[in-house]
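Below is one structure, written out as structure tokens, with a few remarks after it.
Okay, structure coming up:
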């Protein structure tokens, strides 16, 4: 991994969990990327070049961009014409050229272990990324930056586990929500700031489990909750993610 991505992880973490020591990157990946269809390592059929693609496609024969360009410049992938008398004839002929492009990218730069990237930069082990930058372990995100282990979101920044949401910032494990900031473990919420473990709320601040607190009360409880959360993460019955509730 390029050291730039290690630094990126630290930057995201400090913004989301300012007072908590960062988990080791390998531990964070193990805990927070569950259920994400991230690109996996494969080898191109011809040159055995490492390429990356999510297993969601079911492909098993791959070709790299460089190999594609080389063959295109040689013979444009054209084959000698042979008699076609049946479907098996077609399948046999096409099987020779059925190599699937992996590690795909258009108008993008500084990518590692990623696939299907458009107009984006500084992307690590992510797929289906559009007009975004500085992402790690992300799936299907648009116009986002500084996200880690997130999917299905847009217009969001500095988040970990931001799922199917829009305009979310400085938050952790926020799902199906919009216009939320500085929030943790929330689902189906809109216009929240400084909230934790909230569901189906609109236009609220300093709430925990849908209960209202003062700013002072909230900050004390937040510090206690996050400290206990990280302390118990390695226990066998640890609470890790929102979907365990």
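Residue numbers (my numbering): 708 to 952.
Virtual Cβ for every residue (Gly too), placed ideally from N, Cα, C.
Everything numeric in this text was worked out from a predicted model, so none of it was measured.
Buried versus exposed, by CB contacts within 10 Å (16 or more), residue i
i: residue 793; result: exposed
i: residue 946; result: exposed
i: residue 787; result: exposed
i: residue 856; result: buried
i: residue 931; result: exposed
i: residue 836; result: buried
i: residue 840; result: buried
i: residue 791; result: exposed
i: residue 909; result: exposed
i: residue 852; result: buried
i: residue 820; result: buried
i: residue 889; result: buried
i: residue 921; result: exposed
i: residue 842; result: buried
Host alpha helix (DSSP H) of residue i (start-end)
i: residue 800; result: 794-802
i: residue 735; result: 732-739
Where the beta strand (DSSP E) containing residue i begins and where it ends
i: residue 758; result: 757-760
i: residue 710; result: Looking at the DSSP string, residue 710 is not in any beta strand (DSSP E); the run it does join, the alpha helix (DSSP H), is 710-723.
i: residue 819; result: 816-819
i: residue 834; result: 834-837
i: residue 885; result: 885-888
i: residue 847; result: 846-849
i: residue 855; result: 852-855
i: residue 894; result: 891-894
Nearest-angstrom beta carbon gap, residue j and residue i [assumed within contact, 8 Å]
i: residue 739; j: residue 869; result: Their Cβ separation, rounded to whole angstroms, is 11 Å, which puts residue 739 and residue 869 out of contact at 8 Å.
i: residue 825; j: residue 817; result: Rounded, the Cβ-Cβ distance is 14 Å, inconsistent with contact.
i: residue 832; j: residue 850; result: Not a contact, Cβ separation roughly 20 Å.
i: residue 784; j: residue 813; result: Not really, about 20 Å apart at Cβ, beyond 8 Å.
Residue i, DSSP secondary structure in three states
i: residue 899; result: strand
i: residue 988; result: Residue 988 falls outside the range modelled here, since the chain spans only 708 to 952, and no answer is possible.
i: residue 781; result: helix
i: residue 747; result: strand
i: residue 870; result: strand
i: residue 936; result: helix
i: residue 928; result: helix
i: residue 786; result: coil
i: residue 951; result: helix
i: residue 829; result: strand
i: residue 772; result: helix
i: residue 764; result: helix
i: residue 754; result: coil
i: residue 726; result: coil
i: residue 841; result: strand
i: residue 904; result: coil
Please determine if the region 897-905 and the region 750-760 are in contact, where contact requires at least 3 C-beta pairs separated by less than 8 Å.
-> Output reads no: the region 750-760 does not touch the region 897-905.
Three or more beta-carbon pairs under 8 Å between the region 870-885 and the region 712-729, yes or no?
-> In short, these stretches touch, since the Cβ pair count reaches three.
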